[in-house]
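Each remark here refers to the structure printed beneath this line.
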Amino acid sequence: MYGGDEVSAIVIDLGSHTCKAGYAGEDAPKAVFPSVVGSIEQQEVVNGTKFEKESESMSDLKAGLKGLDSEKAKTKRKLYVGSQALGFRRDHMEVISPFQEGVVADWDIVDNIWAHAFKDRLLIDPMEHPMLLAEPTSNAPQQRERMAEILFENYKVPALFVAKNAVLTSFASGRATSLVVDSGGGSTTVAPVQDGYVLQKGVATSPIGGEFLTECMMKSLESKGIIFKPRYSFKRKEARPGDFQTIDLDFPNTTERYKLYSQRLIASDIKECVCRAPDTPYDESAYANIPMTPYELPDGQIIEIGADRFKIPDILFNPSLVQTIPGMENFIDSSPVRGLPQMVIESINKCDVDIRRELFSSILLSGGTASMQQLKERLEKDLMEESPQAARVKVLASGNATERRFSVWIGGSILASLGSFQQMWFSKGEYEEHGASYIQRKCP
Amino acid sequence: MALLRSYSCASSGMGVANQCKDTFLELQRKKTHRYVIFKIDEKLKEVVVEKTGGTAESYNDFVSSLPENDCRYAIYDFDFVTQENCQKSKIFFIAWSPSMSRIRAKMLYATSKALFRQELDGVHYEIQATDPTEMDIEVIRDRAH
Numbered sequence: 001m002y003g004g005d006e007v008s009a010i011v012i013d014l015g016s017h018t019c020k021a022g023y024a025g026e027d028a029p030k031a032v033f034p035s036v037v038g039s040i041e042q043q044e045v046v047n048g049t050k051f052e053k054e055s056e057s058m059s060d061l062k063a064g065l066k067g068l069d070s071e072k073a074k075t076k077r078k079l080y081v082g083s084q085a086l087g088f089r090r091d092h093m094e095v096i097s098p099f100q101e102g103v104v105a106d107w108d109i110v111d112n113i114w115a116h117a118f119k120d121r122l123l124i125d126p127m128e129h130p131m132l133l134a135e136p137t138s139n140a141p142q143q144r145e146r147m148a149e150i151l152f153e154n155y156k157v158p159a160l161f162v163a164k165n166a167v168l169t170s171f172a173s174g175r176a177t178s179l180v181v182d183s184g185g186g187s188t189t190v191a192p193v194q195d196g197y198v199l200q201k202g203v204a205t206s207p208i209g210g211e212f213l214t215e216c217m218m219k220s221l222e223s224k225g226i227i228f229k230p231r232y233s234f235k236r237k238e239a240r241p242g243d244f245q246t247i248d249l250d251f252p253n254t255t256e257r258y259k260l261y262s263q264r265l266i267a268s269d270i271k272e273c274v275c276r277a278p279d280t281p282y283d284e285s286a287y288a289n290i291p292m293t294p295y296e297l298p299d300g301q302i303i304e305i306g307a308d309r310f311k312i313p314d315i316l317f318n319p320s321l322v323q324t325i326p327g328m329e330n331f332i333d334s335s336p337v338r339g340l341p342q343m344v345i346e347s348i349n350k351c352d353v354d355i356r357r358e359l360f361s362s363i364l365l366s367g368g369t370a371s372m373q374q375l376k377e378r379l380e381k382d383l384m385e386e387s388p389q390a391a392r393v394k395v396l397a398s399g400n401a402t403e404r405r406f407s408v409w410i411g412g413s414i415l416a417s418l419g420s421f422q423q424m425w426f427s428k429g430e431y432e433e434h435g436a437s438y439i440q441r442k443c444p
Numbered sequence: 001m002a003l004l005r006s007y008s009c010a011s012s013g014m015g016v017a018n019q020c021k022d023t024f025l026e027l028q029r030k031k032t033h034r035y036v037i038f039k040i041d042e043k044l045k046e047v048v049v050e051k052t053g054g055t056a057e058s059y060n061d062f063v064s065s066l067p068e069n070d071c072r073y074a075i076y077d078f079d080f081v082t083q084e085n086c087q088k089s090k091i092f093f094i095a096w097s098p099s100m101s102r103i104r105a106k107m108l109y110a111t112s113k114a115l116f117r118q119e120l121d122g123v124h125y126e127i128q129a130t131d132p133t134e135m136d137i138e139v140i141r142d143r144a145h
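Residue numbers (full-length UniProt numbering), protein chains in the order written: chain A, 1 to 444; chain B, 1 to 145.
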């Protein structure tokens with residue numbers, strides 16, 4: 001048992017797109033940075049120490065686990081973590097993600113992300129703070145054991161707790177039983193939660209998340225002849241007051257992936273600024289004449305966005321729309337993907353008859369993509385049409401965009417700060433006595 | 001800690017005052033109360049009885065004694081007459097967490113619910129409500145029949 005109310009706990013929600021980290025008890029995460037990292041393969045490293053001295057945010061491999069990771073032995077690479085380190089273009093820098101299909105595939109990157117969060121952003125010593133981590137709803141037992149191992153062995157954390165995303169969202173809205181629709185960067189997950197437990201048989205996932213929509217937005221605009229110039233590829237000069245000149249710069253050693261990453265940043269901003277879910281299913285002819293919305297690209301070009309404002313978000317509801325976007329046609333063929341309302345209904349139908357009614361009336365939205373304008377209203381409307389008559393459909397979402405986007409983190413923050421929660425931690429002592437697998441009993 | 005709660009999930013570890021169980025039994029067996037409202041005392045780290053209502057009080061009296069911007073648990077004893085003219089009574093457990101309340105309160109009540117609920121043996125129906133329409137008398141009647 002760990003009685004740690006004297007120091008505040010650290011809460012981390014490592015999502016597929018962004019990592020949220022901060023102190024328990026606060027109402028928003030202190031540090032929010034990309035979950036992808038920059039990586040440069042080191043051909044020949046004479047001695048690693050030379051690089052360690054370099055600069056703060058460039059966490060070195062040596063700082064991480066020693067010998068625990070077998071896969072890290074392959075080639076030496078240097079990782080750049082955080083928006084600033086990643087925002088600076090470097091020759092031969094690739095952009096890589098620790099995730100593959102929603103689960104962690106590269107623990108070395110995760111380790112570096114944690115190190116960045118603790119040392120560079122929160123400025124804490126992990127040995128002094130209990131850690132509460134949010135995990136993906138369908139995380140495998142081996143994944144959480146690995147997580148516990150790294151945190152206890154490398155960071156010597158005093159105590160740990162792991163909670164599922166869907167459970168935290170559900171609790172933060174005051175419901176122990178609910179259906180959580182979490183639409184984040186990398187994927188969309190629908191998970192039924194009953195009395196604080198995820199009903200695994202009812203979990204439905206789809207690869208359509210924010211990043212996928214961003215990709216569609218980019219492809220669609222590119223097909224209309226718009227060129228996205230990455231921010232690093234030009235300079236702007238003020239020739240006369242109010243009159244800017246754009247000068248192109250050439251960096252032949254920039255990797256394709258870094259270029260794509262930079263372009264996606266722009267497309268993602270366009271998406272967030274102009275998109276809203278249409279009230280009724282998207283129809284090409286009905287939206288042909290809608291007014292255009294202007295958007296200024298970083299290089300000063302002004303582009304006009306018309307039907308795409310509505311068409312892109314509608315992909316969430318009707319994935320087959322993807323086939324009409326040039327360059328994305330092959331997506332559907334590989335795997336059948338359902339729209340959001342179908343996922344919700346399928347998920348509820350897999351649960352016990354007794355709780356279906358309750359689930360229909362407490363559908364919670366969480367995640368960045370779910371914060372899209374009008375998404376809540378549209379989902380509610382579609383579900384009303386397709387659900388059984390007796391069901392009272394109610395979609396709930398926090399009115400506050402920050403709360404909606406960070407609902408998982410906020411749930412963790414409050415849970416970890418409750419006085420009575422302090423006896424629930426999985427402590428270092430228990431880890432040493434029972435091993436990593438004990439986490440399955442402490443945090444079911 | 002010898003008592004390792006296997007059902008702990010992400011629960012808060014909140015205790016329950018004996019008085020809660022006793023009051024509940026009074027409502028269930030002796031029918032001395034129409035409703036009981038419970039609140040969490042964060043300092044004591046346990047659930048305590050906040051208010052009880054006499055048998056003469058109506059459902060509206062019960063609803064109006066729930067705070068607008070804070071969470072509570074409540075037990076309501078619903079008496080009704082069936083179509084066969086048979087006097088019946090059903091006990092409802094209501095988790096009241098209005099959307100107006102602070103997230104901290106919502107979290108506290110949601111995470112403590114499972115433990116508290118287990119202490120009350122003999123509840124017929126359970127309702128989660130975030131606004132008054134979700135625990136309207138019609139909803140109660142509908143569930144009871």
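Cβ atoms here follow ideal geometry from the backbone N, Cα and C, with glycine treated the same way.
- Message: With three or more C-beta pairs closer than 8 Å as the rule, is the stretch 237-254 of chain A touching the stretch 80-97 of chain A?
- Response: Counting Cβ pairs under 8 Å, three or more are found: they touch.
- Query: Is DSSP giving S262(A) helix, strand or coil here?
  - Reply: As a first step, residue 262(A) is located in the first sequence; it is residue number 262 there, counting from the start. Residue state, collapsed to three classes: helix.
- Query: Under the rule that 16 or more other beta-carbon atoms within 10 Å means buried, what is H116(A), buried or exposed?
  - Reply: Here residue 116(A) refers to the residue found at position 116 of the first sequence. Answer is buried; the Cβ neighbour count reaches 16.
- Message: Less than 7 Å between C-beta atoms, sequence neighbours within five positions excluded: which residues of the same chain meet that for E380(A)?
- Response: As a first step, residue 380(A) must be located in the first sequence, where it is residue number 380. Counting only Cβ-Cβ distances below 7 Å, and skipping sequence neighbours, we find V393 and V395.
- Message: Rounded to the nearest angstrom, what separates V193(A) and A172(A) at their Cα positions?
- Response: As a first step, residue 193(A) must be located in the first sequence, where it is residue number 193. As a first step, residue 172(A) must be located in the first sequence, where it is residue number 172. Between V193(A) and A172(A), the alpha-carbon positions lie close to 13 Å from each other.
- Should E71(A) be labelled buried (16 or more other beta-carbon atoms within 10 Å of its own) or exposed? The residue you call residue 71(A) lines up with position 71 of the first sequence. The predicted model places E71(A) with a pLDDT of 43, which falls under 50 and marks its position as unreliable, so this point remains unresolved.
- Item | Identity of the residues DSSP links to L179(A) by a beta bridge | For the purposes of this step, residue 179(A) is taken as residue 179 along the first sequence, with counting starting at 1. Its beta-bridge partners are P192(A) and I363(A).
- Query: Any residues in the stretch 404-428 of chain A with a beta carbon nearer than 7 Å to a beta carbon of chain B? Which ones, in chain order?
  - Reply: Answer in chain order: I410, G411, I414, L415, L418, G419, S420, F421, Q423 and M424.
- Query: Would you report the Cα separation of P98(A) and E46(B), rounded to the nearest angstrom?
  - Reply: Counting from one through the first sequence, the residue named residue 98(A) turns up at place 98. Counting from one through the second sequence, the residue named residue 46(B) turns up at place 46. The alpha-carbon of P98(A) is positioned some 42 Å away from that of E46(B).
- So is Q128(B) in contact with chain A if we call contact Cβ pairs under 8 Å? Residue 128(B) sits at position 128 when you count from the first residue of the second sequence. Taking a beta-carbon distance threshold of 8 Å, Q128(B) counts as an interface residue toward chain A.
- Nonlocal neighbours in the same chain, by C-beta distance under 7 Å from M217(A), ignoring five residues either side: The residue you call residue 217(A) lines up with position 217 of the first sequence. Sequence-distant Cβ neighbours of M217(A) in its own chain, meaning closer than 7 Å and more than five residues away, are A267, I270, K271, D308 and I312.
- Item | CB contact check: V36(A) to chain B, cutoff 8 Å | Reading the first sequence from its first residue, position 36 is the one you call residue 36(A). Output row for V36(A): interface = no.
- Item | Inter-residue Cα distance where the pair is L415(A) and A105(B) | Working through the first sequence from its first residue, we reach residue 415(A) at position 415. Working through the second sequence from its first residue, we reach residue 105(B) at position 105. For L415(A) and A105(B), the distance between alpha carbons rounds to 10 Å.
- Skipping 5 residues on each side, what residues in its chain have a beta carbon closer than 6 Å to that of Y125(B)? In the second sequence, the residue the question calls residue 125(B) occupies position 125. Excluding positions up to five away in sequence, the list reads F92 and R143.
- Task: Identify whether residue 481(A) lies in helix, strand or coil by the three-state DSSP scheme.
- Result: As shown, chain A starts at 1 and ends at 444. That puts residue 481(A) outside it, with no answer to give.
- For T111(B), which of A21(A), S233(A), T177(A) and V181(A) has the nearest alpha-carbon? Start at 1 with the first residue of the second sequence, and residue 111(B) comes out as number 111. Its Cα nearest to that of T111(B), the residue T177(A) stands out among A21(A), S233(A), T177(A) and V181(A).
- Just curious, the alpha helix (DSSP H) that I103(B) is in, first and last residue? By 1-based counting over the second sequence, the position of residue 103(B) is 103. It spans I103 to E119 - the alpha helix (DSSP H) in which I103(B) sits, taken as one unbroken run.
- Along the stretch 15-35 of chain B, what residues have a CB closer than 7 Å to any CB found in chain A? Within the stretch 15-35 of chain B, no residue has a Cβ that lies closer than 7 Å to any Cβ of chain A.
- Message: Check whether the stretch 79-95 of chain B and the stretch 149-164 of chain A touch, using three or more Cβ-Cβ pairs below 8 Å as the test.
- Response: Touching, no, given that fewer than three Cβ pairs across the two stretches are closer than 8 Å.
- Message: Looking only at its chain, what residues have a beta carbon closer than 6 Å to the beta carbon of Q245(A), apart from the 5 residues adjacent to it on each side?
- Response: The residue given as residue 245(A) occupies position 245 in the first sequence. Taken in chain order, the residues that qualify are K237 and A239.
- Within 10 angstroms of the Cβ of K62(A), are there 16 or more other Cβ atoms? Answer buried if so, exposed if not. Working through the first sequence from its first residue, we reach residue 62(A) at position 62. Any reading at K62(A) needs caution, since the residue's pLDDT is 42, under 50, leaving its predicted position unreliable; the model's value is listed next. Under this definition K62(A) is an exposed residue.
- Task: Determine whether the Cβ of R72(B) lies closer than 8 Å to any Cβ atom of chain A.
- Result: As a working note, residue 72(B) is residue 72 in the second sequence. For R72(B), the answer is no, since every Cβ of chain A falls outside 8 Å of its Cβ.
- Query: What residues in the stretch 176-202 of chain A bring their beta carbon closer than 9 Å to a beta carbon of chain B?
  - Reply: Contact annotation: in the stretch 176-202 of chain A, residues whose CB is within less than 9 Å of a CB in chain B are A176, T177, S178, D195, G196 and Y197.
- Task: Out of R121(A), D27(A) and R405(A), point me to the one whose CA is closest to Q84(A)'s CA.
- Result: Walking along the first sequence from the start, residue 84(A) turns up at place 84. Checking every option, the nearest Cα to that of Q84(A) belongs to R121(A).
- Message: Given this structure, state the Cα-to-Cα distance separating S57(A) from K78(A), to the nearest angstrom.
- Response: To locate residue 57(A), count along the first sequence from 1; it is residue 57. To locate residue 78(A), count along the first sequence from 1; it is residue 78. Its pLDDT being 41, under 50, S57(A) is placed unreliably in this model, and the value from its coordinates should be taken loosely. The straight-line gap from Cα to Cα measures roughly 12 Å.
- Message: Can you tell me where the beta strand (DSSP E) holding G22(A) begins and where it ends?
- Response: Walking along the first sequence from the start, residue 22(A) turns up at place 22. Taken as a continuous stretch (DSSP letters only), the beta strand (DSSP E) holding G22(A) covers T18 to Y23.
- Three-state secondary structure (DSSP) of F93(B): What you label residue 93(B) is simply residue 93 of the second sequence in a count that begins at 1. Residue state, collapsed to three classes: strand.
- Enumerate in chain order the residues of its own chain whose CB-to-CB distance from T82(B) is below 7 Å, with the five nearest sequence positions on each side excluded. For the purposes of this step, residue 82(B) is taken as residue 82 along the second sequence, with counting starting at 1. Answer for T82(B): K88, listed in chain order.
- Task: Answer yes if the stretch 417-433 of chain A comes into contact with the stretch 158-173 of chain A, meaning at least three C-beta pairs across the two stretches below 8 Å, and no otherwise.
- Result: Verdict: yes, contact present.
- Task: Return helix, strand or coil for G306(A), following the three-state DSSP convention.
- Result: Here residue 306(A) corresponds to residue number 306 of the first sequence, with the count starting at 1. If DSSP states are grouped into helix, strand and coil, G306(A) belongs with coil.
- Query: Can you name, in chain order, every residue of its own chain whose Cβ lies under 8 Å from the Cβ of N318(A), other than the five neighbours on each side?
  - Reply: One-based indexing of the first sequence puts residue 318(A) at position 318. Within the same chain, and ignoring the five residues on either side of N318(A) in sequence, the residues whose Cβ sits closer than 8 Å to its Cβ are P281, Y282 and G339.
- Which bits of chain B does A172(A) rub up against, with CB to CB less than 7 Å? Stepping through the first sequence from its first residue, residue 172(A) is reached at position 172. Within 7 Å Cβ-Cβ: I103, K106 and M107.
- Give the range of the alpha helix (DSSP H) segment to which E128(A) is assigned. Here residue 128(A) refers to the residue found at position 128 when the first sequence is read from its first residue. Neither: E128(A) is in no alpha helix (DSSP H) and is coded neither H nor E.
- Message: Is there a C-beta anywhere in chain B that falls below 8 Å from the one on S362(A)?
- Response: What you label residue 362(A) is simply residue 362 of the first sequence in a count that begins at 1. At a cut-off of 8 Å between beta-carbon atoms, S362(A) makes contact with chain B.
- In chain A, which residues lie less than 7 Å from G13(B) when you measure between Cβ atoms? Here residue 13(B) is taken as the residue at index 13 of the second sequence, counted from 1. Simply S420, F421, Q423 and M424.
- Query: What alpha helix (DSSP H) runs, 4 residues minimum, are completely inside the stretch 385-431 of chain A?
  - Reply: Along the length of the stretch 385-431 of chain A, whole alpha helix (DSSP H) runs at least 4 residues long occupy 401-405 and 407-417, reported in chain order.
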